[in-house]
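Report on one structure; see the data block that follows.
Numbering (this note's numbering), first residue to last: 172 to 500.
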């Protein structure tokens, strides 16, 4: 279940909600109705001194989904109508309503945008992007996509394939899309064939990443960049088969009773160093370790040592530890 977001509004108290004419004339006509509803309710909370409101309460008040509420704030943030700043990594945000009469550098951008929108090919591309994403584009997004035609030398077909690829993964926010575009540019993608080869290579890796995440009971949307880098290292750098990675995850569960990426990474780094490549290799290593433990004896220089007169006992300390902590049940 996803965490509920809370939005904290920076505000002054008032009994009415003043809406800027700039918002009505310039921003409202091209925005989705739900987004306008979220903006107006948020503005009301802001001016009436409401300290914080959950996405669930806003969604319920407006008969929307919580994802619609979050999408609306992301849209207005991209339009420079509000400033949305994460408070923590739990999905909570400070939201500040920007004075629209001071809106920066919009004029020069809009002139350029209007000029570009007169070109049918550009207009068609942007309409197709909106269909793929299932939402209207902010002026910031439009400017970004048009910029790729010149700056990255991408054709409209490559841009549409890129958007389609991101949408198929359920990633439709512009920051993620921009990250993928930069990766394509860095990989010197020039045509559709290059793009499809890149997707296949990347998807093969992601198929394996998703398998590991499913094994760990984690959704791919929940992993952070450092964890993604570790997964990539296990698959691409160490070139471990999936069943070996599963085995490392299993050992992590057994030893510390939770998922810990650094712990799993430590196990796999050690196996890579010891040239362990298969589950059989892992089992042989563990058998050998237990054999050495069970056959080790305490030695003392004195043959008459009282200690050596006691019966030697052999313990499997990992097994004892599991029994002590109740993990063997």
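Quick reminder that beta carbons are idealized off the backbone N, C-alpha and C, glycines included.
Exposed unless 16 or more other CB atoms sit within 10 angstroms - verdict on residue i
i           : result
residue 354 : exposed
residue 178 : buried
residue 371 : exposed
residue 261 : exposed
residue 208 : buried
residue 250 : buried
residue 450 : exposed
residue 306 : buried
residue 441 : exposed
residue 186 : exposed
residue 436 : buried
residue 242 : buried
residue 363 : exposed
residue 309 : buried
residue 336 : buried
residue 216 : buried
residue 210 : buried
residue 481 : In this prediction, residue 481 scores a pLDDT of 44, lower than 50, which makes its location untrustworthy; the coordinate-derived value is nonetheless stated afterwards. By the 10 Å Cβ count, residue 481 comes out exposed.
residue 444 : exposed
Identified DSSP bridge partners for residue i
i           : result
residue 268 : 253
residue 190 : Partner(s): none; residue 190 has no beta bridge.
residue 225 : 177
Short Cβ contact (8 Å threshold) for residue i with residue j
i           : j           : result
residue 266 : residue 244 : yes
residue 293 : residue 301 : no
residue 313 : residue 284 : yes
residue 226 : residue 176 : yes
residue 135 : residue 390 : Residue 135 lies beyond the residue range present for the chain, which begins at 172 and ends at 500; the question has no answer from this structure.
residue 438 : residue 422 : yes
residue 319 : residue 334 : no
residue 194 : residue 246 : no
residue 233 : residue 214 : no
residue 402 : residue 378 : no
residue 352 : residue 304 : no
residue 296 : residue 345 : no
Whole-angstrom C-beta distance between residue j and residue i, which should lie under 8 Å
i           : j           : result
residue 218 : residue 238 : The Cβ separation is near 26 Å, so there is no contact.
residue 503 : residue 236 : An answer regarding residue 503 cannot be provided, because it is not within the stretch 172 to 500 covered by the chain.
residue 248 : residue 255 : 4 Å
residue 376 : residue 407 : 6 Å
Chain B contact for residue i (CB, 8 Å cutoff)
i           : result
residue 312 : Of the protein chains in this structure there is only one, and it is not chain B.
Legend entry - Stretch-stretch touch, CB-based, cutoff 8 Å, three pairs: the region 386 to 400 with the region 430 to 449: yes
Inset, instruction - Tell me, please, whether the region 450 to 457 touches the region 410 to 419 by the rule of three or more beta-carbon pairs shorter than 8 Å. - result: yes
Inset, instruction - Check whether the region 219 to 228 touches the region 323 to 341, taking contact to mean three or more Cβ pairs, one atom from each stretch, closer than 8 Å. - result: no
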